[in-house]
Structures are given as structure tokens and as C-alpha cells.
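Visitor: Residue numbering for the sequence shown follows this note's numbering, beginning at 29 and increasing consecutively.
From the three backbone atoms N, C-alpha and C, an ideal C-beta is built for every residue, glycine too.
Take a look at this one; I'll ask things after.
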Amino acid sequence: MHALVTGGSRGIGLAIAHLLARHKYNVTLISRSESSLRAALHELRPSRPPPQSQPSGSSPVAATLTAERTNLHHAIMGDVSSPSFWFPETLNPELRKATNNGSYNVLVNCAGIKQNSLFIRTPEPSLQKIIETNLTGMMLGTRYLLKEKWIRARKANSSDPDNHTPVIINVASLLGMKGGRGAVAYSASKAGVLGFTRALAGELGSNGVRVNAIVPGYIETDMTAGTSSYKSHIQVSHIYSPSIAKPILYTDLSRSSNLRASIPLKRFGRPEEVADAVLFLIRNNYAHNCVLNIDGGLSAT
Numbered sequence: 029m030h031a032l033v034t035g036g037s038r039g040i041g042l043a044i045a046h047l048l049a050r051h052k053y054n055v056t057l058i059s060r061s062e063s064s065l066r067a068a069l070h071e072l073r074p075s076r077p078p079p080q081s082q083p084s085g086s087s088p089v090a091a092t093l094t095a096e097r098t099n100l101h102h103a104i105m106g107d108v109s110s111p112s113f114w115f116p117e118t119l120n121p122e123l124r125k126a127t128n129n130g131s132y133n134v135l136v137n138c139a140g141i142k143q144n145s146l147f148i149r150t151p152e153p154s155l156q157k158i159i160e161t162n163l164t165g166m167m168l169g170t171r172y173l174l175k176e177k178w179i180r181a182r183k184a185n186s187s188d189p190d191n192h193t194p195v196i197i198n199v200a201s202l203l204g205m206k207g208g209r210g211a212v213a214y215s216a217s218k219a220g221v222l223g224f225t226r227a228l229a230g231e232l233g234s235n236g237v238r239v240n241a242i243v244p245g246y247i248e249t250d251m252t253a254g255t256s257s258y259k260s261h262i263q264v265s266h267i268y269s270p271s272i273a274k275p276i277l278y279t280d281l282s283r284s285s286n287l288r289a290s291i292p293l294k295r296f297g298r299p300e301e302v303a304d305a306v307l308f309l310i311r312n313n314y315a316h317n318c319v320l321n322i323d324g325g326l327s328a329t
């Protein structure tokens, strides 16, 4: 089984990749950061040394597309918001290597960038980049995979629980439902993700491809993974609060405590908990057009 995870080199995307790998998926990661990709790939296959850097100019696409692989997993460097990244002429050969000429059972659209400025102060190029990365890139990648038949539709066989239908999982945000001060473009892009998910589900269900979305709340990133003290800097992603609705680096312990207090479960979520939700949507053959909140109850307040 093969899974493609955009934005899979860190945070939620990497947690999803780890969980899928543990469930015997061969994972292909896509990210703009070569160093993060190499580290992520090494984590997925810790028994192997990190792959060596590819010499510059070693291939005609080295400037825009770099691929490294292990026995089971594969990494591709590129910008999902760029239409040229999704050119079949350059990407198809890499995906053939990654899948051994097969196809993907799972697509997780997790690539995204955040916003930390008032709308009127956000330059137009930044507005465009947020929309292009968070929404347009998701649509470009999904369309490419469907059009090039990297996701092959098939009907579920109810007598075989392991015969899972192909599934697309889109990572949205509570800001896409609530909006928030200081994150207008980000909120708009994530609202678009939810609309894209629902509309695409209507088109693809009868073709045997399921489409779902997850909506994370306050989630710890890699800066705080594995720590429960919150005595160091705290980076909160995908957040919503009546008074604070943007990604912020918190150095004030009291402010982070206030954020936790606003969550009914009184803590931040972990990337692994979001990954668990993704796995549920992947494995449940009747899960289609689902929008699943993973927010500790924050959306109920």
C-alpha cells in the first residue's frame, strides 16, 4: 500500500507519515525543505544512514525537484503551489519509482503556510502565496493524481476488511470554520479546503474514491513534541480563540495557560492524535464526506 503526504516532513504531516508507515504503508513525502525531508526520511527508516546530498546540476530537474528514497519510503522536494511541480514529465518518473509502477491508496494534503498579520497589513504577494499553497496547491495535486491515475478508483469489497477504497484526506483548520483576527487569508484558504472537500466528495464517491477532511484545533508542533511542561517556547498551530486567532510564538507561560484553559479538555493536542483521526478515516470504508474536528472540544465553546 502506498500513501502520498504533502507537507510530510514535520509536525502533523510527519506524525501522519509515521503512523502510516507503522501500518505498512510505503510513504512518499513532499516538502519544500530538503533538510527537513532528509531528517524525516531518516526517522521513517532509522536503521539506515541519512541519504547523501544530490550534487547540484546532476539532473535537469535538480533545481526544482530532488528525490531520495529508502527501501520503503520516498521523499520529493518541491513547491506544491507551483503548477510546474505537478508537470507529469518531471513528477511521473519519481512516483513510478516510489510506487514500483503502482498507484497510491492514500493522499494526505497537509502542506500549508500560516499568517500572522492583520489583513490590511499583509502584502499582496503574501496573500497570494497563502491561498496558492493552502488551497490551490491542494487542488493542483489532487487533480494531477486523479488525472494521471496515480489514485485508481475501485469499489470496496465488504467481505475483505483490508481492501480499502482509495481515500483523500485534506487537513483544514478551525479557522476555516470560525475565522479569526490576524489570519484572514489563512482562514479563507482553510474555508476553501472544506468547500473543496465537500464538493469533491460529491463528484468522486460514485467513482470509488472517498474524500474527507480533518479540522485540528490547538496542536503542539515539533518544537514541543514530547514535553508536557511548556516551560520553553510554545508554538501553537491551527488555532482559534475569540481574542487570539493566529499562529503565535508564546514565551509567556501565563498566556499559554490561558489558551489551554479555553479548551474543554484543558490541554493542547498532539500531532499523533491528529494522525490517529486520519488513520480512522482511511480505514473506515464508509467514511466519505466526513469533516472531523480534532480540537479537544474547542469548537463547542
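Please classify residue 241 as buried or exposed, where buried requires at least 16 other C-beta atoms within 10 Å of its C-beta.
Guide: buried
Visitor: Exposed or buried, which one is residue 160 when buried takes at least 16 other CB atoms within 10 Å?
Guide: buried
Visitor: Taking only runs of the beta strand (DSSP E) that begin and end inside the region 94-129, which ones reach a length of at least 3 residues, in chain order?
Guide: 94-97, 102-105
Visitor: Identify which residue in 165, 144, 120, 128 has its Cα closest to the Cα of residue 110.
Guide: 165
Visitor: Quick check on the DSSP output: the beta strand (DSSP E) that includes residue 244 runs from which residue to which?
Guide: Residue 244 -> beta strand (DSSP E) spans 238-244.
Visitor: Would DSSP call residue 63 helix, strand or coil?
Guide: helix
Visitor: Thinking C-alpha only, which one of 200, 324, 210 is nearest residue 222?
Guide: 200
Visitor: Starting from the Cα of residue 174, find the closest Cα among 120, 139, 327 and give me that residue.
Guide: 120
Visitor: Look at the alpha carbon of residue 70 and the alpha carbon of residue 39, and state the distance between them as a whole number of angstroms.
Guide: 15 Å
Visitor: Following the continuous alpha helix (DSSP H) through residue 46, name the residue where it begins and the one where it ends.
Guide: 39-50
Visitor: Going by Cα to Cα distance, which pick from 63, 45, 58, 62 is closest to residue 73?
Guide: Put simply, of 63, 45, 58, 62 the residue whose alpha carbon is nearest the alpha carbon of residue 73 is 45.
Visitor: Decide if residue 329 is buried, meaning its Cβ has at least 16 other Cβ atoms within 10 Å, or exposed.
Guide: exposed
Visitor: To the nearest angstrom, how far is the alpha carbon of residue 66 from that of residue 172?
Guide: Distance between the alpha carbons of residue 66 and residue 172: 25 Å.
Visitor: Per DSSP, residue 56 is paired with what?
Guide: According to DSSP, residue 56 bridges with 32, 102.
Visitor: Rounded to a whole number of angstroms, what is the C-alpha to C-alpha distance between residue 305 and residue 323?
Guide: 11 Å
Visitor: Helix, strand or coil, according to DSSP, for residue 158 in the structure here?
Guide: helix
Visitor: On the three-state DSSP scale, how would you describe residue 264?
Guide: With a pLDDT of 38 at residue 264, under the threshold of 50, the modelled position of that residue is not reliable, and no figure is offered here.
Visitor: Flag this pair as yes or no: are the beta carbons of residue 158 and residue 219 separated by less than 7 Å?
Guide: No, these two residues do not count as a Cβ contact at 7 Å.
Visitor: Report the residue from 100, 54, 135 whose alpha carbon sits nearest the alpha carbon of residue 237.
Guide: 135
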